[in-house]
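Participant: Residue numbers (full-length UniProt numbering): 1 to 159. There's a structure below that I have some questions on.
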Amino acid sequence: MKILTQVGNVLFSLIRIGLGISWLEQGIFKLQANFTMSGLTEAIASNTVTPDWYKTFMVYFVQPNTALFNILIPWGEILAGIGLITGILTLPALSGALFMNINYWLSNMIYIYPLQLLIAVILLMTMKYASSFSLTNLYFYLSDRMKRKKESIRSIQQR
1 MKILTQVGNV
11 LFSLIRIGLG
21 ISWLEQGIFK
31 LQANFTMSGL
41 TEAIASNTVT
51 PDWYKTFMVY
61 FVQPNTALFN
71 ILIPWGEILA
81 GIGLITGILT
91 LPALSGALFM
101 NINYWLSNMI
111 YIYPLQLLIA
121 VILLMTMKYA
131 SSFSLTNLYF
141 YLSDRMKRKK
151 ESIRSIQQR
């Protein structure tokens with residue numbers, strides 16, 4: 001049973017890192033390409049597949065604030081990617097990635113988003129394993145080790 005846990009830790013951590021690389025690449029690409037929402041909001045509003053409530057959101061909230069979304073979207077992708085790659089704040093990074101995937105899918109932008117969404121849901125269900133090899137766990141491991149070392153030094157000094 002222990003070997004299955006170890007395999008799960010490695011496998012789901014690698015999947016998490018792969019998903020993070022995907023998000024990081026997309027965010028960097030959008031920054032380099034000077035991504036803008038201005039044309040997208042009109043295309044989404046005229047799309048027949050997008051739900052009406054989402055079209056309303058795009059027209060009345062996103063379109064007047066395109067300058068804000070031009071910054072939020074690429075940087076959200078970059079930060080989600082960094083969080084997933086490093087394992088720092090894995091749950092918020094994964095939640096942000098899920099939120100962006102759902103929005104892209106609602107906008108009828110298919111690309112690789114359904115696959116990313118599926119992977120993110122799987123990682124969410126296997127969070128214990130997916131976050132095993134992370135900088136957060138490394139920090140807690142080293143912190144605990146330092147505490148133990150200090151305690152052993154104190155006990156030796158008290159003798």
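Heads up, the beta-carbon is just placed ideally off N, CA and C, and yes, glycines get one too.
1. Say the cut is 7 angstroms; is the CB of residue 150 nearer than that to a heavy atom of the ligand HEM?
2. Alpha carbon to alpha carbon, how far is residue 127 from residue 7? Give it in angstroms, no decimals.
3. Taking Cβ positions, are residue 27 and residue 75 nearer each other than 8 angstroms?
4. Please report the straight-line C-alpha distance between residue 93 and residue 114, rounded to a whole angstrom.
5. Evaluate residue 53 with the Cβ neighbour count: other Cβ atoms within 10 Å of its Cβ, from every protein chain shown; 16 or more gives buried, anything less gives exposed.
6. Would you call the segment 41-49 in contact with the segment 126-141, where contact means no fewer than 3 C-beta pairs closer than 8 angstroms?
7. Evaluate residue 62 with the Cβ neighbour count: other Cβ atoms within 10 Å of its Cβ, from every protein chain shown; 16 or more gives buried, anything less gives exposed.
8. Check for me: the alpha helix (DSSP H) holding residue 137 runs from which residue to which?
9. Taking the beta carbon of residue 4 as the centre, do at least 16 other beta carbons fall within 10 Å, making it buried, or is it exposed?
10. Let's test the definition: count the other Cβ atoms within 10 Å of the Cβ of residue 158 and tell me whether it reaches 16, buried, or not, exposed.
11. Pick helix, strand or coil for residue 58, following the three-state DSSP scheme.
12. I need the DSSP call for residue 1, collapsed to helix, strand or coil.
Facilitator: Considering the structure as presented:
1. Absence of the ligand HEM from the depicted structure is noted, as is the absence of any ligand whatsoever, leaving it without description.
2. 14 angstroms
3. yes
4. 17 angstroms
5. exposed
6. no
7. buried
8. Per DSSP, the continuous alpha helix (DSSP H) segment holding residue 137 begins and ends at 135-158.
9. The residue in question, residue 4, is exposed, as its Cβ has fewer than 16 Cβ neighbours within 10 Å.
10. When all chains shown are included, residue 158 counts as exposed.
11. helix
12. The three-state secondary structure of residue 1, taken from DSSP, is coil.
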